[in-house]
Amino acid sequence: MIENIDISLIGWSRAQFALTAIYHWLFVPLTLGLGVVQAVMETIYYKTGDEFWKKTAQFWMKLFGINFAIGVATGLILEFEFGANWSNYSWFVGDIFGAPLAVEGIVAFFMEATFIAVMFFGWGKVSRGFHLASTWLTIVGATISAFWILVANAWMQHPVGMAFNPDTVRNEMVSFWEVALSPVAVNKFFHAVLSGWIVGAAFVVGVASWFLLRKREAKFALASIKIGAAFGLLACLLSAWTGDGSAHQVAQRQPMKLAAMEGLYEGRKGAGLVGIGVLASGKQYNDGSDPFIFKVEIPKMLSFFAERNLNAYVPGITNLLEGGYTQRDGTPALSAQEKISRGKLAIQALARYRTAESDSLRQQARAALDENFRYFGYGYIRHPADLIPPVGLTFYAFRVMVLLGGFLLLLFAATCYLSYRGRFAAKRWLQWVCLASIFLAIIAGQAGWVVAEVGRQPWAIQDILPTSAAISKLPASSVRLTFFIFLTLFTVLLIAELKIMLSAIKKGPEIG
Amino acid sequence: MTYILLQHYWWFLVSLLGAILVFLMFVQGGQSLLFTVGKTEVQQKMLLCSTGRKWELTFTTLVTFGGAFFASFPLFYSTSFGGAYWVWMLILLCFVLQAVSYEYQAKKGNLLGKKTYQAFLVLNGVLAPVLIGTAVGTFFNGAEFVVNKQQLTEALNPVISSWATPWHGLEAALVWWNVCLGLAVFFLARVLALLYFVNNINDNEVQRNARRQLPWDAALFLVFFLTFFVRWLLQDGFAVNPETKEVFMQPYKYFINLVEMPAVLATLLLGVAGVLLGVARTALCSAWRKGIWFAGGGTVLTVLSLLLCAGWNNTAYYPSLADLQSSLTIENSCSSLFTLKTMSYVSILIPLVLAYVAYAWRALDVHKISRQD
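In the order they appear, the protein sequences are chains F and Z.
Just so we're aligned, residue 4 is where the first sequence starts under our numbering, counting upward by one.
Just so we're aligned, residue 6 is where the second sequence starts under our numbering, counting upward by one.
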């Protein structure tokens with residue numbers, strides 16, 4: 004008798020990974036963004052020799068250091084959770100997925116870890132030039148680290164550069180550059196790093212605004228705001244551009260995610276983009292009911308973003324499950340049930356290949372496997388409806404990200420204009436808004452990851468391996484226990500970090 | 006580059022990373038000595054200042070070790086991490102505590118108080134070396150897992166690796182020889198830390214305390230290491246038939262590995278000599294402060310040679326006690342030829358990485374830790 008996988012194990016494994024990733028992404032964006040700001044400030048110090056800039060840079064570095072350690076710690080757990088909670092995944096695609104993680108360690112982590120020590124402890128012990136180089140190398144290392152992690156993540160969303168080997172029962176890399184420079188990876192890298200820059204910029208502008216509100220350290224605060232706001236504005240503009248690229252790529256490669264992002268059940272030509280809307284509860288993909296209680300739509304924009312054509316057809320959730328519509332290449336789309344059937348054929352062919360007693364039988368099985376491998380992952384799916392990601396969460400998270408991103412762009416533009424015109428210090432209401440915007444920037448980044456990760460469910464690797472087939476065989480109670488241990492630990496450490504950071508901010512740079 | 010050569014090359018690199026990690030665990034050793042060598046608050050601050058500038062390197066080496074293992078031997082990553090769940094979770098938890106404690110312990114508003122974070126550092130200092138040593142012990146004494154790749158074709162239960170006990174790795178702590186290696190690693194980490202303090206801290210009292218503690222920890226290290234080592238030389242090992250790939254028990258396998266790989270034997274002897282020289286001369290000569298470099302280098306060479314014996318010369322490096330033929334070898338658990346070859350090009354950067362780590366280390370350590378820090 005076959006012992007089935009416990010469904011709650013899948014849930015707890017996903018919950019644990021999501022928990023760790025969410026906490027990790029609370030700290031990493033600040034590292035990426037604040038790191039650049041402090042490096043710019045130290046560069047000004049190096050160029051001018053003005054002690055003001057040294058103390059300004061040191062103040063932000065102190066906050067950077069408080070934040071850095073916990074980001075590193077949660078990152079370590081994420082790396083090992085791939086093996087601990089997703090062991091089948093680790094074997095099935097480890098040949099491809101492990102490489103970016105190893106490159107990250109060799110190329111990026113050592114750079115970061117080595118030079119951060121010089122950055123923190125090297126003042127007065129190494130030359131100014133070496134110290135400045137160390138500060139830049141720290142953030143370059145952190146950014147390269149982000150690149151390789153995002154390459155790995157992008158590969159899960161859009162697996163390329165690989166071939167399935169039935170002898171080893173895994174996917175194997177056939178093109179490193181296809182994996183490393185996939186358009187999805189490159190776009191994802193820029194979009195995610197830019198979102199980190201936005202968080203860093205919002206943090207600098209927000210904290211500096213707090214000093215203005217308290218009528219302290221005005222020179223330091225205004226100088227920091229000028230740099231932070233300009234940096235944030237640049238990051239927002241670039242982020243809007245890469246965001247558009249990201250949405251286009253989702254439309255091309257993950258149409259179900261796009262449909263969930265838009266709450267689009269019935270596809271159409273000239274589809275509109277939902278600006279704001281409220282989804283109806285209890286909607287089933289095949290009940291024909293209106294998915295929205297109300298919505299405000301921008302006509303034809305979804306078609307434009309998805310296909311660069313105002314009148315292009317965009318399939319909805321129902322179409323993607325029932326198939327039959329004409330795809331870009333002119334072929335009719337298969338239904339989910341057909342894909343599931345072909346996935347099962349692929350799995351059965353693999354089983355026959357592994358047990359075949361003659362070469363001819365093995366070749367027959369191999370041919371059947373190759374013919375159906377594109378749908379391999381569907382063989383583990385039980386019902387077509389299981390292919391629908393959580394629509395509500397994906398839909399609302401997307402809107403939160405976009406609306407907050409637009410708000411932050413306007414905020415940085417206004418702050419930039421007023422600060423360079425010397426009028427920001429008088430705008431106390433704007434200083435309050437800037438202070439609150441620290442949290443809004445963090446929420447926008449988190450919402451973006453919710454769209455990316457929740458929207459691709461049920462896949463661990465798009466079309467190749469669902470999460471239900473990617474897990475480790477563990478008692479659900481064990482994973483539940485570690486989930487709560489991590490939840491408690493991360494929460495306590497987050498509170499500790501916030502308290503330490505607030506204490507350091509209250510103390511201020513003491514420039515006078 | 007042939008596939009077999011690349012498998013051996015990557016086992017060498019993973020072993021080297023593991024060996025460097027054991028050396029860098031002097032940071033953990035130093036943490037465990039916080040209240041032993043540091044008699045006053047100022048002394049404790051100096052100790053934390055000294056190891057606090059190096060903890061990230063240990064941490065990074067652990068991360069890179071994990072990444073390199075994942076990339077080169079993914080079946081080990083999948084089987085061990087997904088199976089020996091509790092051991093790895095404990096290791097991760099104690100490293101999380103370490104990562105934040107250095108930064109938080111001296112900061113205002115740290116929520117839990119300075120003593121709590123220092124206790125976390127001591128906890129990490131004790132648990133990390135013991136657990137990692139115990140986990141490595143399973144390379145020679147086996148673990149309770151089964152691998153069945155055919156399982157992937159069972160749609161309702163496609164997990165290929167499963168653990169044969171409900172303890173998910175904790176049972177390794179009931180095997181004396183695993184624990185013995187864990188304790189040897191723990192006391193080695195303390196010995197290295199004492200040598201590092203002697204080298205890195207310009208303070209007479211700390212120097213005196215460290216030198217006074219050194220013989221005790223060195224003696225305990227020798228007791229546990231020699232116990233493990235002698236048994237290791239005499240024990241049956243997990244050999245692989247190069248023709249049939251069948252795994253079988255071979256008497257004196259690891260001793261035979263040393264004899265059949267004289268370069269590894271020479272590395273081992275050189276490493277042991279380095280450790281002994283570093284410890285003995287520091288203990289005997291009160292003005293000598295370079296013991297860490299001899300003992301550290303010796304540690305790297307010794308651990309490297311032990312790990313090479315685990316995987317090279319037709320040996321199963323992660324033996325299964327539940328199903329001998331599920332045992333992992335560098336051949337049946339490695340990545341594809343293409344991936345190993347690609348990763349080998351990346352590995353050319355390793356000397357550059359080591360060079361800038363050494364440069365930055367030296368630049369900081371030119372100024373020794375003193376009471377002014």
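Beta carbons are placed, not taken as given, at the ideal position from N, Cα and C, and that holds for glycine.
- At a beta-carbon threshold of 7 angstroms, the residues of chain F lying near R58/Z are A120 and F124, ordered along the chain.
- Counting of Cβ neighbours within 10 angstroms places A292/Z among the exposed residues, the total staying below 16.
- Around the beta carbon of C239/F, 16 or more other beta carbons sit within 10 angstroms, so the residue counts as buried.
- At a cut-off of 8 angstroms, the C-beta of P163/Z has a neighbouring C-beta in chain F.
- Ranking Y399/F, F20/F and Y381/F by CA distance to the CA of L261/F puts Y399/F first.
- Take the alpha-carbon of A315/F and the one of K272/F: they are about 5 angstroms apart.
- Per DSSP, N174/F is one residue of the beta strand (DSSP E) stretching across R173 to M176.
- Pairwise C-beta distances place the region 145–161 of chain Z out of contact with the region 121–135 of chain Z, as fewer than three of them are shorter than 8 angstroms.
- Spanning the alpha carbons of Q257/F and F100/F requires a straight line of approximately 20 angstroms.
- Identification of chain F residues near S20/Z by a Cβ-Cβ cut-off of 8 angstroms yields none; the smallest Cβ-Cβ distance measures about 15 angstroms.
- E300/F: member of the beta strand (DSSP E) spanning F295 to I301, first to last residue.
- When only Cα atoms are considered, L97/Z and L421/F end up about 47 angstroms apart.
- Between R17/F and T470/F, the CB-CB gap stays under 8 angstroms.
- The beta carbon of N322/F is closer than 6 angstroms to those of G270 and Y328 in its chain, skipping five residues each way along the sequence.
- Ranked by Cα distance from G57/Z, the options G78/F, A368/F and F123/F are led by F123/F.
- The beta carbon of M51/Z is closer than 8 angstroms to those of G43, I206, D208, V211, I374, S375, R376 and D378 in its chain, skipping five residues each way along the sequence.
- DSSP places N115/Z in the coil class of the three-state scheme, outside both helix and strand.
- For W462/F, the enclosing beta strand (DSSP E) stretches over residues W462 to I464.
- Around the CB of V454/F, 16 or more other CB atoms lie within 10 Å, so the residue is classed as buried.
- Fully contained in the region 241–324 of chain Z are the following beta strand (DSSP E) runs of length 3 or more, in chain order: 242–245, 252–255 and 321–323.
- Looking at the backbone, the Cα of L79/F and that of V68/Z are separated by about 6 angstroms.
- Burial state of W432/F is exposed, judged by a 10 Å Cβ sphere holding fewer than 16 other Cβ atoms.
- If you look at A166/F, you'll find it in the beta strand (DSSP E) that goes M165 to N168.
- Leaving aside the five residues that flank A283/F on each side, the residues in its chain whose CB is nearer than 8 angstroms to its CB run, in chain order, S292, D293, P294, F295 and I296.
- Nearest C-alpha to P32/F among F150/F, K58/F and E84/F: F150/F.
- In the displayed model, F150/Z falls within a strand according to three-state DSSP.
- Within its own chain, the residues whose Cβ lies closer than 7 angstroms to the Cβ of A233/F, once the five positions on either side in sequence are excluded, are C419, listed in chain order.
- Using a Cβ distance threshold of 8 angstroms, D98/F and M159/F do not count as a contacting pair.
- A354/F belongs to the set of residues whose beta carbon lies under 8 angstroms from a beta carbon in chain Z.
- Annotation: Cβ neighbours of I498/F in chain Z (cutoff 9 angstroms, chain order): L116.
- Below 8 angstroms, enough C-beta pairs join the region 315–325 of chain Z and the region 263–278 of chain Z to call them touching: three or more.
- Around S481/F, the beta-carbon contacts reaching into chain Z at under 7 angstroms are Y90 and H173.
- Annotated three-state conformation of R216/Z is helix, per DSSP.
- Counting C-beta pairs with one atom in each stretch, the region 441–448 of chain F and the region 376–387 of chain F have fewer than three that are closer than 8 angstroms, which means they do not touch.
- For I279/F, the enclosing beta strand (DSSP E) begins and ends at L276 to L282.
- Those residues of the region 96–117 of chain Z placed with their C-beta closer than 9 angstroms to a C-beta in chain F are I96, L97, L98, F100, V101, L102, Q103, A104, V105, S106, Y107, E108, Y109, K112, K113, G114, N115, L116 and L117, ordered along the chain.
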